[in-house]
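Those sequence lines, one after another, are chains E and D.
Going by my numbering, the first sequence opens with residue 281, and the numbers climb by one from there.
Going by my numbering, the second sequence opens with residue 2, and the numbers climb by one from there.
Just so it is clear, CB atoms sit at the ideal spot from N, CA and C, and this is done for glycine as well.
Worksheet: the structure to be examined is printed underneath.
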Amino acid sequence: MAPERGFQGETLLDVRDLKVHFPTPDGVVKAVDGLSFTVHRGETFGIVGESGSGKSVTNLTALGLVNRKAAQIEGEVLFKGRDLLKLTPGELRHVRGKELAMIFQDPFASLHPMYRVGDQLIEAVKVHSNVSKKQAEERVLELLGAVGIPRPRERFRDYPHQFSGGMRQRAMIAMALTHNPDILIADEPTTALDVTVQAQILELIDHVKREFDIGVILITHDLGVIADVSQTVMVMYAGRAMELAPKDELFRKPLHPYTWGLLDSMPRIAQKGTRLLPIEGAPPSLINVPPGCAFHPRCPHRFQPCDRERPAFADRGGGHPEACHLTIEDKRRLWAERDARRLGVAV
Amino acid sequence: MTEIVEPSGAARAGRRSGEEPLVSVRNLTKYFPITRGIIFQREIGRVHAVEDVSFDIFRGETLGLVGESGSGKSTTARLITKLIESTSGTVSFDGQEITKHSRRQMRPIRREMQMIFQDPYSSLNPRQTIGQIVGAPYVIQKTERNVKRRVQELMDRVGLNPEHYNRYSHEFSGGQRQRIGIARALALNPQLIVCDEPVSALDVSIQAQILNLLRSLQDDFNLTYLFISHDLGVVRYVSDRIAVMYLGRIVEIGSASDLYDNPRQPYTAALLSAVPKGYGENGAGARERVVLKGDVPSPVDPPPGCVFHPRCPQARLVSGREDEVPEKCRTEMPPLGEVDSGRFAACWYPVQPGQPLDLAAKA
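Written as structure tokens, this is what we have:
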């Protein structure tokens, strides 16, 4: 299912046909509905989608942060060969924060406001390794330096409110790196930050990936961020993968109408005179996901089987897997037409 | 405070002379006091939210205002619409100075200037129906007899189903709520709409719908927009002219394409280069990213001299050393001077077209 393309690094995470359904009084919320992908060492794997597309739930499930009693979880999440979904909470605790680390969108909410930043980082060190406070402090200072916090010895004693948003996110990255994890999951790490700070943090994540030789899963709604830092991109919609491709292929030869819609909805700074071609309508409720292809009610190219048959997520000859019934010839032609329309050229 | 040599010159950036602006802002300044004590409040400091800002907005154009959080964009918008009082400086609307106007005097002017806000969740009263929300301006201003018919026309124009007149805002999605906010702003047929981050809370596919709607409304109703956003792609898409703010000041202003193609103020250059490039650029025009060091300084205690000098790559390029900036940058705030016809930048050593700034950042 998921492609094995070019990546030399060892397979770290292998998600197979993951389903996460939440029963609610109004019906079953299908947050993730049959998702497969792999992440390798040395790879930045970007997951892009709009709010409610299941990006975050996928990763929270992998980390065991979704309440198993409240959700129906199916499929496998193999991390270095072990199925994370089968581990007990105790076993999971040894993996999470140690081998699998995560940073969140809001660095304001992820640090406790009443403890010193340094102490919170020391705590993170001591959770997974049996070291003295002195040793832990040394490790923290080393990490703070590694993530580019100036004068770590002074800043170590600061409270979170004395840190700016960018510095807090740096501190969170330091915390995530404490135990040399194999995978860093970054869930919208720069959404709350200004562009100039965003550029710093993205650069840092890339640097950390190389330095620590890890795999990174980057979740974002911003195609620009994805284009900048990831090697592989998965586009999600209504809990499903629509398209999964190496970055250059996704941006230059996208095959799925939803990807086209996203690309044509995004105003870019370097292109003038282009028109935005929005996607009509709004994303569906995950309780009532449309039958067939989830995207068909908003798709301008829908045809016969789209409203009845769910398209398989497979390579239809375009070089990478996608979930759309159109033939590869149709896709190439339609994308070329959109290209022309966006630039205001008559076809 | 430095004196702007020709405020009207800078304000007019990129426009023909002789044209009468709809909004004219001169030396606008707003300080928020920081006080200590409960009963006897002493002022212990000031937030320099907006400092000596001058610009014009012409009829039918969109002026984009960009900057990072805390740069004073929203404060500027609130000063222009007189939702807060300025510390000094003037705002003229349609030839009339409104800075000293009382609430009563403002009422007829409020018909002409409306706002659209960022958060479509908190800007609509959850206990009112759409009809009440969009119709409220008519009730307040007493300008319309057949409110319901008029509101339904507006709903239709902004892409809402007029039959939803009696629904509450929680029944709508984010994009639809933003359309409600737009209908409310349009109700009194204003001349100016101040859009404060109108698409920042929306998903990309919905964002494009709203941007296209705002454009078509501008054509139909001959609207003038002041469009505030931190998203440089969005601002370029909608704006005719753009002003860049940093720490309460306008550091560069000019026509949208000029400014993006050839930023002259080092902050503008760094800001543009920091935007993720996305796809579709074939090398040409793609800049090397300039990663600025450090954070934006506190507006409570802005740096002396040029507000940007502590982070400025250009100043370091000029001095030739990483730890040194030219004395002028440290001591004197540069005025917003004309660097090209119609282009104004506040910099002692403006970036030359084609000059790479990334060398400085790496020095």
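Item, Value
"6 angstroms CB neighbourhood of V569/E in its chain, flanking five on each side removed", "K310, A518"
"Enclosing beta strand (DSSP E) for N213/D [first to last residue]", "Run containing N213/D: none in the beta strand (DSSP E); it sits in the alpha helix (DSSP H), 205 to 222."
"Three-state class that DSSP yields for K83/D in the structure shown", "coil"
"Nearest-angstrom Cα separation, counted from L473/E out to I383/E", "14 angstroms"
"Beta-carbon contacts of V505/E that lie in its chain and below 7 angstroms, excluding the five residues immediately before and after", "T470, L482"
"Residues within the segment 483 to 505 of chain E neighbouring chain B, beta-carbon criterion of under 9 angstroms", "The structure shown contains no chain B; its protein chains are E and D."
"Within 9 angstroms of chain E by C-beta, residues of the segment 128 to 152 of chain D in sequence order", "none"
"Residues of its chain near G96/D, where Cβ-Cβ distance is below 8 angstroms and the 5 sequence neighbours each way are ignored", "E21"
"Within-8 angstroms CB hit, M516/E to chain D", "no"
"Proximity test, Cβ basis, 8 angstroms: L218/D and chain E", "no"
"Alpha-carbon to alpha-carbon, P601/E and P283/E", "Any answer about P283/E is weak, because its pLDDT of 45 lies below 50 and its placement is not dependable; what the coordinates show is given next. About 7 angstroms."
"D587/E burial status per 10 Å Cβ neighbour count (16 or more: buried)", "exposed"
"Cβ pair W540/E, P547/E closer than 8 angstroms", "no"
"For Y538/E and E422/E, the rounded distance between their alpha carbons", "44 angstroms"
"Helix, strand or coil at M334/D according to DSSP, with G and I counted as helix", "coil"
"Minimum Cβ-Cβ distance from R548/E to chain D less than 8 angstroms", "yes"
"Span of the alpha helix (DSSP H), counted from its first residue to its last, around D294/E", "Here D294/E belongs to no alpha helix (DSSP H); instead the beta strand (DSSP E) covers 291 to 304."
"Backbone CA spacing between A616/E and R532/E [nearest angstrom]", "11 angstroms"
"Touching by the beta-carbon criterion (3+ pairs, under 8 angstroms), the segment 288 to 305 of chain E and the segment 351 to 361 of chain E", "yes"
"Own chain, CB closer than 8 angstroms to H102/D, minus 5 neighbours either side, in chain order", "K83, I110"
"Chain D contacts made by the segment 531 to 545 of chain E, where a contact means CB separation under 8 angstroms", "F531, R532, G541, L542, L543, D544, S545"
"Status (buried if at least 16 other CB within 10 Å, exposed otherwise) for A209/D", "buried"
"Q478/E at chain D interface by Cβ criterion, 8 angstroms", "yes"
"Where Y122/D falls, given that 16 or more other Cβ within 10 Å makes a residue buried", "exposed"
"Within chain E, the residues that S174/D reaches when beta carbons sit closer than 8 angstroms", "A562"
"For T338/E, the three-state DSSP class (helix, strand or coil)", "helix"
"Selection of the segment 200 to 216 of chain D by Cβ proximity to chain E, strictly under 8 angstroms", "D204, V205, S206, I207, Q208, A209, Q210, L212, N213"
"Near-chain D residues of the segment 429 to 454 of chain E - C-beta to any C-beta below 9 angstroms", "P430, S444, G445, G446, M447"
"Alpha-carbon to alpha-carbon, T63/D and T77/D", "15 angstroms"
"Host beta strand (DSSP E) of T269/D (start-end)", "No beta strand (DSSP E) contains T269/D, which is instead part of the alpha helix (DSSP H) from 267 to 275."
"Minimum length 4: unbroken alpha helix (DSSP H) runs contained in the segment 308 to 365 of chain E", "335 to 342"
"Continuous alpha helix (DSSP H) stretch holding V67/D: start and end", "That residue, V67/D, is in no alpha helix (DSSP H); its beta strand (DSSP E) goes 63 to 67."
"Test item: CB-CB of G322/E and D493/E under 8 angstroms", "yes"
"Helix, strand or coil at N638/E [DSSP, three-state]", "Because chain E in this structure spans residues 281 to 627, residue 638/E falls outside the shown range and cannot be described."
"Min CB distance R290/D to chain E below 8 angstroms", "yes"
"Supposed close pair V328/E, T500/E - CB separation, criterion 8 angstroms", "6 angstroms"
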